[in-house]
Amino acid sequence: MVRIPDLGSSRSPGWVLTGSLLVTMAVATLAHLTLELWQLDSETEVLWARGIGAEPSLFWLSTGVVWLAVVLVLAVVGRLWLTVGIVVAATAALGFAQHEKLQLRLEPIFPSDLAVAMDPAFLRQMIGWGTTLGLLAGLAVVMAVSVLAGRFAERWFPRIRRRTHPRLGHGLLAVRFGTVVLLIAGGFYASDFNTPGNAFRAAYEGSGAKWRSWHQRANYASNGLVAGMLYNTDVPGMVTPPGYSAQTMRSIAQKYDAAAAAINRHRDPHALDDVNVVMALGETFTDPTRLKSIDVAADPIPFTRSLMERTTSGNMLANRFGGGTANAEFSALTGMSLALFQPQLTTPYQMLVPDYDSFPSLVGYFDQLGHQTVAIHPFRPTLYRRSTVYPTFGFDQVKFDEEMRHQERLEDSDLISDRAAFREVEDHIERTDPPVFVNLVSMQNHFPMAGKYDDPVPVAGLADGEAAANAAHYVRGLRYSDEALEGFIGSLERSDEKTVLVYYGDHLPPFWPMSVRAANGTRRMRETPFLVYANFGQQAAQQLPTTSPTHFGGHLLDAAGAPLPPYQVLLRKLENHLPALEHEVIVGPDNTRVLEAELSPRARQLLRDYRLVQYDLSIGQRYVQSEMFYPRQTSVTASD
1 MVRIPDLGSS
11 RSPGWVLTGS
21 LLVTMAVATL
31 AHLTLELWQL
41 DSETEVLWAR
51 GIGAEPSLFW
61 LSTGVVWLAV
71 VLVLAVVGRL
81 WLTVGIVVAA
91 TAALGFAQHE
101 KLQLRLEPIF
111 PSDLAVAMDP
121 AFLRQMIGWG
131 TTLGLLAGLA
141 VVMAVSVLAG
151 RFAERWFPRI
161 RRRTHPRLGH
171 GLLAVRFGTV
181 VLLIAGGFYA
191 SDFNTPGNAF
201 RAAYEGSGAK
211 WRSWHQRANY
221 ASNGLVAGML
231 YNTDVPGMVT
241 PPGYSAQTMR
251 SIAQKYDAAA
261 AAINRHRDPH
271 ALDDVNVVMA
281 LGETFTDPTR
291 LKSIDVAADP
301 IPFTRSLMER
311 TTSGNMLANR
321 FGGGTANAEF
331 SALTGMSLAL
341 FQPQLTTPYQ
351 MLVPDYDSFP
361 SLVGYFDQLG
371 HQTVAIHPFR
381 PTLYRRSTVY
391 PTFGFDQVKF
401 DEEMRHQERL
411 EDSDLISDRA
421 AFREVEDHIE
431 RTDPPVFVNL
441 VSMQNHFPMA
451 GKYDDPVPVA
461 GLADGEAAAN
471 AAHYVRGLRY
481 SDEALEGFIG
491 SLERSDEKTV
501 LVYYGDHLPP
511 FWPMSVRAAN
521 GTRRMRETPF
531 LVYANFGQQA
541 AQQLPTTSPT
551 HFGGHLLDAA
561 GAPLPPYQVL
571 LRKLENHLPA
581 LEHEVIVGPD
591 NTRVLEAELS
601 PRARQLLRDY
611 RLVQYDLSIG
621 QRYVQSEMFY
631 PRQTSVTASD
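Anchor point for the sequence shown: position 638 equals 638 in full-length UniProt numbering, and the numbering is continuous, going up by one each time.
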């Protein structure tokens with residue numbers, strides 16, 4: 001038993017331990033208060049109305065969670081003032097990330113974002129050298145000041161050294177070790193926050209937490225950042241749909257297999273044998289001339305617009321405003337809707353796909369047809385865990401920025417251009433003997449945009465100077481993307497190779513200010529252009545209603561005259577009733593927004609079938625994978 005001597009002496013170990021405990025409590029309280037004020041834009045009245053004043057027990061419960069994190073850091077490093085520096089720096093970094101994401105994407109930071117946010121190279125690309133270096137320098141200054149303050153404070157809180165207090169020193173070492181083990185175990189338990197019976201969740205709900213899964217920004221604002229992040233920790237991807245069983249799934253498979261047989265009666269089963277397929281996601285490729293309250297000096301996408309007039313085309317409904325590239329890519333490749341997953345599953349690439357050895361997607365479909373499957377992403381492999389996701393999908397070849405033959409940049413941009421990315425695709429089409437399936441995700445137009453080009457295109461109607469600068473350079477970048485697409489289409493039309501292309505934008509850029517967002521509304525601020533083109537056959541122009549990327553697979557098969565597998569038949573029937581299904585927005589066949597409660601009985605039945613099939617293929621037993629998704633048998637098992 002360790003005896004703590006003389007609590008009354010200002011230099012005694014007892015004083016040091018007691019004082020250290022009080023300091024950690026004060027630091028935890030201030031850190032939590034700072035985080036809450038930062039996410040509420042320093043609105044102290046709002047913080048009082050929604051937090052401390054309305055539900056004080058909820059605020060202090062989260063403060064206690066922060067305190068446990070502070071104690072964990074102290075137990076690991078063993079130095080009080082170094083702990084203070086680390087906590088202050090972490091608070092500043094997390095608060096900055098939360099504030100920036102709320103401003104740019106209108107959503108809070110999620111636990112799955114932290115790995116990406118802590119990558120300095122990624123931050124350099126996303127927010128620029130100046131902001132990144134300023135942030136890192138600020139954190140370094142905080143750490144240095146804390147260490148210096150600690151040296152000064154040692155006159156009141158001298159370190160307890162084992163050579164002067166051997167028994168107490170060894171006892172504290174044992175306590176530190178036990179604390180680390182206990183708190184890490186508690187952290188793992190807290191990560192199961194959404195598991196029924198979790199004590200942390202019970203404590204929060206007992207303290208007045210009211211979860212708003214359908215609106216994460218409101219969820220964080222009302223319950224606090226700590227509670228919001230806990231709520232978005234590990235969660236099952238989907239709730240098991242009522243009636244899910246092997247028998248139910250076999251019945252669904254038989255129904256859509258029969259429907260597929262009827263649809264495919266006049267389709268050539270060998271239509272794709274010599275056809276290349278390219279799915280190209282244009283980073284932040286949009287049509288700013290559609291936006292109200294602004295005036296763009298010149299049309300940035302004239303070629304794309306003309307191509308859309310003679311192909312199957314329309315507007316895609318993005319999963320969110322200002323971000324979500326990986327989600328659009330996921331839905332396009334898998335046909336799965338983010339709207340059917342749990343709201344906490346914000347990024348399947350980070351939170352779902354890596355849990356499996358393989359995952360059903362168009363990659364596997366075309367692999368079984370004999371295509372060489374290639375993924376091209378002119379950026380770092382760690383972004384959204386693509387270095388793990390792409391092999392899980394089953395790509396034969398994966399190329400990130402450093403593996404690409406074509407790495408040209410435009411003017412002052414440090415991102416690989418769309419033209420270079422398309423040239424990389426052209427190489428694979430020309431040099432590969434079997435047909436290819438290429439999934440391209442470009443990066444040229446990624447935020448931030450300001451300062452990239454010598455001749456930005458003026459955009460009127462923006463009072464915010466920073467937004468105006470970003471918009472002007474962004475529009476110039478769109479013009480370059482339009483020219484790159486024109487060059488790629490020209491290459492395809494000169495080629496003897498048959499190719500089908502699906503080209504789509506992923507989301508609007510995040511710099512548009514609130515005035516533009518308010519003038520255009522939620523739906524328009526989430527609509528991007530898409531088109532389906534083939535360099536062979538007779539392709540009739542078809543203008544589609546606003547569409548989810550889940551339906552791109554079926555449209556590319558249509559363009560080639562290829563059979564639809566039962567899964568794509570289900571998606572096609574759903575598209576006829578619900579062409580766009582995303583969080584907070586559902587679009588009906590007449591291209592107007594509808595509520596789920598207003599759906600027809602037929603639409604409800606199709607949505608029920610879709611929910612069951614998506615559950616089965618994503619986190620269920622995959623009873624119908626071979627019957628519905630692939631042309632022939634594929635086995636998929638969850639990894640340990």
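Quick reminder that beta carbons are idealized off the backbone N, C-alpha and C, glycines included.
1) Considering only the beta carbon of each residue, do Ala-97 and Val-66 sit closer than 8 Å?
2) Rounded to whole angstroms, what's the CA-CA distance from Val-438 to Ala-326? Just pull it up for me.
3) Determine the extent of the alpha helix (DSSP H) in which Glu-582 is found, giving its start and end residues.
4) Please state whether DSSP places Arg-409 in a helix, a strand or coil.
5) Give the straight-line distance between the Cα atoms of His-270 and Tyr-567, rounded to the nearest whole angstrom.
6) Would you mind reading off the limits of the beta strand (DSSP E) that contains Lys-399?
7) Please report how far the alpha carbon of Ser-213 lies from the alpha carbon of Phe-177, in whole angstroms.
8) Per the DSSP calculation, Ser-313 is bridged to which residue(s)?
9) Beta-carbon within less than 6 Å of Asp-257's beta-carbon, same chain only, minus the 5 sequence neighbours each way: which residues are those?
10) Return the bridge partner residues of Met-279 from the DSSP annotation.
11) Going by C-alpha distance, which of Ser-191, His-99, Tyr-189, Phe-188 is nearest Leu-217?
12) Of the residues Asp-273, Ala-227, Leu-58, Thr-311, which one's Cα is nearest the Cα of Gly-206?
13) By a C-beta neighbour count over all protein chains shown, 10 Å radius and 16 as the cutoff for buried, is Leu-148 buried or exposed?
14) Would you tell me roughly how many angstroms separate the C-alpha atoms of Ala-280 and Thr-392, rounded to the nearest one?
15) Could you check where the alpha helix (DSSP H) with Ile-429 kicks off and where it finishes?
16) Given that a residue counts as buried once 16 or more other Cβ atoms are within 10 Å of its Cβ, and exposed if not, what is Gly-8?
17) How is Gln-301 classed by DSSP in three states: helix, strand or coil?
18) Helix, strand or coil, according to DSSP, for Arg-593 in the structure here?
19) With DSSP collapsed to three states, give me the class of His-377.
20) One question on the structure: do Leu-340 and Met-238 come within less than 8 Å of each other, judged by their Cβ atoms?
21) Check whether the stretch 293 to 300 touches the stretch 350 to 361, counting contact only when three or more Cβ pairs, one atom from each stretch, lie closer than 8 Å.
22) Measure how close the beta-carbons of Met-443 and Tyr-474 come, nearest whole angstrom, since I'm counting them as under 8 Å.
23) Give every residue of the same chain whose Cβ lies closer than 6 Å to the Cβ of Phe-379, excluding the five residues on either side of it in the sequence, and list them in chain order.
24) Taking only the alpha-carbon atoms, compute the straight-line gap between Asp-396 and Gly-370 and give it to the nearest angstrom.
25) Which whole-angstrom value is the C-beta distance of Gly-314 and Leu-544, which I expect to be below 8 Å?
26) Check this for me: beta carbons of His-555 and Thr-248, under 8 Å apart or not?
27) State the CB to CB distance for the pair Leu-574 and Leu-606, rounded to an integer number of angstroms; the pair is presumed to be in contact (CB under 8 Å).
28) Between the Cα of Gly-243 and those of Tyr-615, Ile-586, Ser-626, spot the shortest distance and give me the residue it belongs to.
29) With distances taken Cα to Cα, identify the nearest neighbour of Leu-415 among Pro-549, Lys-452, Leu-578, Leu-317.
30) For Gly-187, does the count of other Cβ atoms within 10 angstroms reach 16, so buried, or fall short, so exposed?
31) Tell me whether Asp-295 sits in a helix, a strand or coil according to DSSP, three-state version.
32) Taking C-beta to C-beta, are Ala-420 and Leu-440 nearer than 8 Å?
33) Which value, in whole angstroms, describes the spacing of the CA atoms of Leu-225 and Ser-495?
34) Where does Ala-203 sit, in a helix, a strand or coil, going by DSSP?
35) Let's test the definition: count the other Cβ atoms within 10 Å of the Cβ of Ala-174 and tell me whether it reaches 16, buried, or not, exposed.
36) Return the Cβ separation of Ser-361 and Ser-548 in integer angstroms, given the expectation that the two are a contact with Cβ distance under 8 Å.
In this structure, then:
1) no
2) 16 Å
3) Segment 580 to 582 is the beta strand (DSSP E) holding Glu-582; no alpha helix (DSSP H) there.
4) strand
5) 19 Å
6) 397 to 400
7) 37 Å
8) Leu-531, Gln-543
9) Pro-566
10) Asn-439, Val-502
11) Here residue 217 is Arg; the residue named in the question, Leu, does not match the sequence. Ranking Ser-191, His-99, Tyr-189, Phe-188 by Cα distance to Arg-217 puts His-99 first.
12) Leu-58
13) exposed
14) 20 Å
15) 418 to 431
16) For Gly-8, the predicted structure reports a pLDDT of 43, less than 50, and the residue's modelled location is therefore unreliable. The matter cannot be settled from this model.
17) One detail in the question is off: residue 301 reads as Ile in this sequence, not Gln. In the structure shown, Ile-301 sits in coil (DSSP, three-state: anything other than H, G, I, E or B).
18) strand
19) strand
20) yes
21) no
22) Actually they are not in contact, since the Cβ atoms of Met-443 and Tyr-474 sit about 14 Å apart, beyond 8 Å.
23) Asp-401, Met-443
24) 11 Å
25) 4 Å
26) no
27) 5 Å
28) Tyr-615
29) Lys-452
30) exposed
31) strand
32) no
33) 54 Å
34) helix
35) exposed
36) With a Cβ gap of about 16 Å, Ser-361 and Ser-548 do not count as contacting.
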